[in-house]
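Asker:
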Amino acid sequence: MHNLKEIRKDYKTFNELIRKRSINIDLTNLQKLDEDNRGLIQKKESLENKKKEISKSKDESLFKRSKEISVELDKIVKDQKDIKLEIDNILANIPNLPHKDVPYGKDEKDNIEILNAGKIPIFDFKPKSHYELGENLKMLDFDLATKTTGSRFVFVKKELALLERALSNFMLDTHVNENEYQEISPPLMASESTMFGTGQLPKFENDQFEIKLEDSSDRKFLIPTAEVILTNIVKDKILDCKELPMRFVASTPCFRKEAGSYGKDTKGMIRQHQFYKVEMVSIVENQKCIDELERMTNCATKILDKLELPYRKVILCTGDMGFSAEKTYDIEVWLPSENKYREISSCSSCSTFQAQRMMTRYKDENKKTVFAGTLNGSGLAVGRTLIAILENNQNKDGTINVPKILRPYMNNLEVISAN
RNA sequence: GGAGAGAUGGCUGAGCGGUUGAAAGCACCGGUCUUGAAAACCGGCAAAGGGGCAACUCUUUCCUGGGUUCGAAUCCCAGUCUCUCCGCCA
């Protein structure tokens, strides 16, 4: 969320930056509301001041006047509250501004590749898709999931279930032991205010699964990513700069409605309502966001290096970034069956955007209270990593070579084959 | 499901109708002392918002929302959340 005080200084520049994100927001309305709001605040405060003085004087002859002021105040306060609400509603729906490093563009076609790593495998046969391979092995069962639950779910079985578990453990171990992240096993549900804090609400309610614990209780949501719950660890906190950076990692199921993607990736487990993801979150001093983003992205690519999977790193253009991000790198893994790269991680700096929603601040070295920077990144999406291993490590007979680094996590299994 | 207790500044925790924005302690910052550090002592230290170029100043805020009152952290009502005990269950 943006600070209206900052916007007020220069509506024009703010407007131009927002426009870069291919979003149309009319700021003239905001500007007018802001002026009205401040006018009412001034009126309100002078009346309150008068009341206060009467009360202090304890002069009974003025008590009647004080009562009259109360009546006047009632209306002003109500009007002011309404306007403030309207302002907050507008602000809550404005995305973060793009960082100056971010290339201008309309959509994913304008993203720019900045790194290409690993060897794309060459097959002397036509490589199969992950779902063909998995179904032939009888270790991915989409039909069964359709029966028990519905579309966009899957049963993962036997050695592939083990592989999925091994991937989670391997990624967590790497981030904890080599990358200084603290492991967390968090709740998989989040309150409304938590979802607001990271920017999932109010604008993207349609993508979320809502849960009712009790009829009377607050709304709760299944987390669409551990980013939500890990970032909100510091909600409503004033930290000391000595506590920063804070780095958290968790492997959790993620739940998404995928409302806007009917007909997209319907085959296989690329796009599911439920999937495992290892997520990294950093809380940093706000001027260190961009450095931390590089670090975090390297933590993610390191996993792919160790798994010996071919990938590329892409910087998202202004039009393709998520709501809360100021700068995002996507990491895309090579999928032979599709003959293209697919997203396997997304690392974003959110500058102070989420911190301002969550009220996360810290005392800097001058003891000034300032908003913190937050970052999040997948390290990596476990389901899609599983897909990438199936496809890139497949043999002609449909068996799968287990990446060397994972073998200790899988009873030293070298090849996954049927039965 | 039954019975209680609570929600106050970065943290712990007093206050229970009128200089209380809020005691005290911890943490933090500055100073004295010390070769240096620690200890001790002295001083400082909330946030949000409005006005002002600024020094500064005003308003709000003791869980949230109503109410009583000239005046509420303090009294009344409603709600949310947290904790403890018993029961039940993983």
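Residue numbers (our numbering): 17 to 435. Note that beta-carbon positions come from the ideal geometry of N, C-alpha and C, so glycine has one too. Note that this is a predicted model, so its numbers are computed, not measured.
1) With distances taken between CB atoms, is the gap from residue 365 to residue 389 smaller than 9 Å?
2) Can you tell which of 353, 121, 344, 100 has the C-alpha that lies nearest to the C-alpha of residue 39?
3) What three-state label does DSSP hand residue 98 in the structure shown?
4) Give me, in chain order, the residues of the same chain whose beta-carbon lies closer than 6 Å to that of residue 357; leave out the 5 immediate sequence neighbours on both sides.
5) Residue range of the alpha helix (DSSP H) that residue 29 falls in?
6) Do residue 103 and residue 60 have their beta-carbon atoms positioned less than 9 Å apart in this structure?
7) Which one of 310, 241, 81 has the shortest CA to CA distance from residue 131?
8) Under a three-way DSSP split, which group does residue 434 fall into?
9) Kindly indicate which residue of 434, 297, 352, 124 has the alpha-carbon position closest to the one of residue 141.
10) Does the separation of the CB atoms of residue 432 and residue 179 fall below 9 Å?
11) Starting from the Cα of residue 289, find the closest Cα among 171, 117, 408 and give me that residue.
12) Taking 8 Å as the threshold, find out whether the stretch 275 to 282 comes into contact with the stretch 255 to 262 through three or more Cβ pairs.
13) Which residues bound the alpha helix (DSSP H) around residue 374?
14) Smallest Cα separation from residue 157: which of 425, 340, 284, 274?
15) Terminal residues of the continuous beta strand (DSSP E) containing residue 264?
16) From the DSSP output, in three-state form, read off residue 147 for me.
17) Is the beta carbon of residue 174 sitting closer than 9 Å to the one on residue 254?
18) DSSP three-state call for residue 407: helix, strand or coil?
Answerer: According to the data block:
1) With contacts defined by Cβ atoms closer than 9 Å, residue 365 and residue 389 form a contacting pair.
2) The candidate whose alpha carbon is nearest that of residue 39 is 121.
3) Helix.
4) Excluding sequence neighbours, residue 357 sits near 328, 348, 350.
5) For residue 29, the enclosing alpha helix (DSSP H) starts and ends at 27 to 35.
6) For residue 60 and residue 103, no; Cβs fall outside 9 Å.
7) When 310, 241, 81 are compared, the shortest CA-CA separation from residue 131 is found for 310.
8) DSSP, reduced to helix, strand and coil, places residue 434 outside both helices and strands of the structure shown, so it counts as coil.
9) It is 352.
10) Against a cut-off of 9 Å, the Cβ pair of residue 179 and residue 432 comes out as a contact.
11) Residue 289 has its Cα closest to that of 171, out of 171, 117, 408.
12) The stretch 275 to 282 vs the stretch 255 to 262: no contact.
13) 369 to 374 is the span of the alpha helix (DSSP H), which, as asked, contains residue 374.
14) Taking only the C-alpha atoms, the option nearest residue 157 is 284.
15) Start and end: 262 to 271.
16) The three-state reading of DSSP puts residue 147 in helix, counting H, G and I together.
17) Not closer than 9 Å, so no.
18) In the three-state reduction of the DSSP assignment, residue 407 falls in the helix class, which pools H, G and I.
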